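Below you'll find the structure, written out as structure tokens, and then a few comments.
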Amino acid sequence: MRNFHKPGRSAVYATNGMCATSHPLAAKVAVQMMEAGGNAMDGAIAGAVLLGLCEPQMTGIGGDCFVLMTPPGEDRVVALNGSGRAPAGIDAEKLRAKGDVIAPYSADAVSVPGAVDAFCRLSKDWGKLGLKAALAPSIHYAEAGIPVAERVAFDWAQSVDNLSGHARDLYLMNNAAPQAGQLFRAPEQAQVLRRIAMDGREGFYEGEVAEDMVASLNALGGTHTLDDFANTACEYVDPIMGDYSGLDLYEHPPNGQGATAILLLNMLKHFDIAGMDPWGAERAHIEAEATKLAYDTRNRFLSDPDHMTRLDYMTSPETAAKLAALIDPGKAMPAGLPGAEAVHKDTIYITVVDKDRMCVSLIYSVFHSFGSGIASDKFGVLFQNRGAGFTLEEGHPNEVGPGKRPMHTIIPAMLKKEGKVMMPFGVMGGQYQSTGHARFVTNVTDFGLSPQAAMDAPRCFAEGEVLNVEDGYGDAVKAELSDLGHNVQRPETAIGGSQAILLHENGVLEGGSDPRKDGCAIGY
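Residue numbers (our numbering): 65 to 588.
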């Protein structure tokens, strides 16, 4: 039971269907899809595409997605990789001649968008209402406009300098970020969505829209071709699984970082997390040290699955045991153990459950805030900069190369208990996501928190040279962490965001939505 003397959100309960995501309008539209006879997949696609207009700094049709889902009436978890690839003409040697990393706001960093192909495939394979119905709300709001929400306005203002060229015309008002409550319209995107609604993936990856995207990128030095876009194809893959405290955690396999969350939880098994103060220094320290080691492992091995040979090593209990043994409960490891690879905080997550208990866990992003900051000249498609997730280190499994998929930070998740789907969930926040998954699972299992309470609770995160600690931690805890050798800092913004829907055995759905974002859970 929630303590009503402490600030926090109430859980949302319903029986027919529910959506939890980071913007109320997207959650509402997802529920409307189900009320109109659609299913969770129709709702998830409708809500996700709309989030590209509600939160354009976070996501859009120029981005990638990963999906976990269960078919109606089944507990089988299906995974779909909707991430795009580097163009066939990309050349690592030429990029190394330009610098040590791929310039994040350049055409070199633009990998081909994969999400639209994934949405088309998911609608065809699993939806009930069809793509035209799922895209109709986004087409309407792209033209009518959406009032900018408070957290969105804050993030938008932080990212103005990321935008260049035509993108500044599309996403700024009088050369400044919109204020909360101002209407944002995207009529060019409505044209693109209409073509996708009528012609499916061909409306985006072929014809005028594709020609516009390729010409715009080529003009900025990109090697992209029409074939790169036409050949884009999502693929069904097998999810990977870990376990913790009686629950099975299903994650999307690489090139997302779900294996890192499994490694982290395997390491935390070697400590009595449940016996610690949930918001004390001991738990924060152990989690921070495990994060440093898990992310260092990720940075060494994680890549396009076609080029990755150490997935079993990352998820094995033996690896976790060896790494856990390196943790000193009384002293922090040197700062900066994780690599300084490009990271981001900009992602949306949406989860939808319908009356037949189809569950969808979907994460969708353009990488950095406003992605590459580049929009196509005619149709205004804002490109992701996922290619900045590659390394230029020669011989590394994640080295940039023709047709390769870069390492992604975005990961959807799903929990099962005794073989039954218990809860789809996701955590936004770029690099934080693997630690966020581990923190959410341990909040629920070791400390018995409800999904909403697990999200409301304070967070900390060891990132690069610092340990970011949210305000919910007391000054004494921060001082204790400093004494252990951590460089404790207050993050500029709250750490991450999250959404979850818990399926109770009596048929009730319980939704939670992170107060760090503008969104909510809505059920019917």
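Glycine included, each C-beta is placed from N, C-alpha and C at the ideal position.
What you are looking at is a predicted structure, and each value in this text was computed from that prediction instead of being measured.
Residue closest to residue i, alpha-carbon to alpha-carbon, out of the options
i: Ser-367; options: Phe-454, Met-305 and Asp-360; result: Phe-454
i: Asp-139; options: Gly-575, His-550, Val-224 and Met-422; result: Met-422
i: Asp-225; options: Ala-241, Ala-200, Glu-214 and Val-216; result: Ala-241
i: Ser-461; options: Pro-369, Thr-509, Ala-221 and Ala-354; result: The question names Ser, but residue 461 in the sequence shown is Pro. The shortest C-alpha separation from Pro-461 is found at Pro-369.
i: Pro-177; options: Thr-355, Gly-451 and Met-492; result: Gly-451
i: Val-424; options: Gly-153, Gly-163, Trp-190 and Gly-116; result: Trp-190
i: Pro-211; options: Glu-457, Val-430 and Leu-115; result: Leu-115
i: Phe-447; options: Glu-207, Gly-101, Asp-312 and Gln-121; result: Gln-121
i: Met-478; options: Pro-317, Gly-536 and Ala-94; result: Pro-317
i: Ser-436; options: Gly-500, Asn-103, Ala-173 and Gly-148; result: Ala-173
i: Leu-59; options: Gly-320, Ala-345, Leu-311 and Pro-342; result: Since the displayed the chain opens at 65 and closes at 588, residue 59 lies outside it and no answer follows.
i: Lys-395; options: Ser-429, Thr-411, Leu-567 and Ala-348; result: Ala-348
i: Met-98; options: Ala-198, Gln-321 and Leu-545; result: Ala-198
i: Met-378; options: Ala-112, Ile-474, Arg-265 and Gly-322; result: Gly-322
i: Ser-546; options: Ile-260, Glu-346 and Leu-567; result: Glu-346
i: Glu-119; options: Ala-325, Tyr-359 and Phe-434; result: Phe-434
i: Glu-207; options: Ser-170, Leu-117, Thr-85 and Ala-294; result: Leu-117
i: Gly-264; options: Ala-338, Ala-213, Met-277 and Leu-186; result: Leu-186
i: Pro-515; options: Pro-470, Ser-562, Asp-291 and Thr-355; result: Ser-562
Cutoff 7 Å; reference residue i; Cβ partners in own chain excluding five residues on either side
i: Cys-584; result: Pro-88, Ala-91 and Ser-577
i: Ser-380; result: none
i: Gly-209; result: Leu-247, Phe-248 and Arg-249
i: Ala-78; result: Leu-573, Gly-587 and Tyr-588
i: His-230; result: Ala-439, Asp-441 and Gly-444
i: Ile-474; result: Phe-130, Gly-320, Thr-411, Ile-427, Ser-429 and Gln-497
Three-state secondary structure assigned by DSSP to residue i
i: Cys-298; result: coil
i: Val-113; result: helix
i: Ile-559; result: coil
i: Lys-481; result: strand
i: Gln-448; result: coil
i: Pro-402; result: For Pro-402, the predicted model reports a pLDDT of 43, less than 50, meaning its position is unreliable; a value from the coordinates is still stated below. Pro-402 falls in the coil class under three-state DSSP.
i: Glu-527; result: strand
i: Tyr-223; result: Checking the sequence shown, residue 223 turns out to be Ser, not Tyr. Ser-223 falls in the coil class under three-state DSSP.
i: Phe-365; result: helix
i: Gly-72; result: coil
i: Pro-135; result: coil
i: Thr-324; result: helix
i: Asp-155; result: coil
i: Ile-337; result: helix
i: Glu-275; result: helix
i: Phe-248; result: strand
Beta-carbon proximity list for residue i, same chain, < 6 Å, skipping 5 on both sides
i: Ala-352; result: Ala-526 and Leu-531
i: Thr-289; result: none
Residue i classed as buried or exposed, judged by whether at least 16 other C-beta atoms fall within 10 angstroms
i: Asp-181; result: buried
i: Met-340; result: buried
i: Asn-238; result: exposed
i: Asp-392; result: exposed
i: Ala-283; result: exposed
i: Asn-295; result: exposed
Q. At a cut of 8 Å, does the stretch 248–263 reach the stretch 463–480 through at least three beta carbon pairs?
A. Three or more Cβ pairs closer than 8 Å define a contact, and the stretch 248–263 falls short of that threshold against the stretch 463–480.
Q | Three-pair Cβ contact test at 8 Å for the stretch 485–499 versus the stretch 285–300 | A | With a cut-off of 8 Å, the stretch 285–300 and the stretch 485–499 do not count as touching, because too few Cβ pairs lie within range.
Q) At a cut of 8 Å, does the stretch 513–524 reach the stretch 564–576 through at least three beta carbon pairs? A) Result yes; three or more Cβ-Cβ pairs closer than 8 Å.
Q) Do the stretch 260–270 and the stretch 139–156 meet, that is, are 3 or more Cβ pairs less than 8 Å apart? A) Counting C-beta pairs closer than 8 Å gives fewer than three between the stretch 260–270 and the stretch 139–156, which falls short of the contact rule.
Q.
If contact is defined by three or more beta carbon pairs under 8 Å, each pair taking one atom from either stretch, is the stretch 125–134 in contact with the stretch 160–180?
A. Output reads yes: the stretch 125–134 touches the stretch 160–180.
Q | Stretch pair the stretch 379–395 + the stretch 483–492: three plus CB contacts closer than 8 Å | A | Contact between the stretch 379–395 and the stretch 483–492 is absent, because fewer than three Cβ pairs lie under 8 Å.
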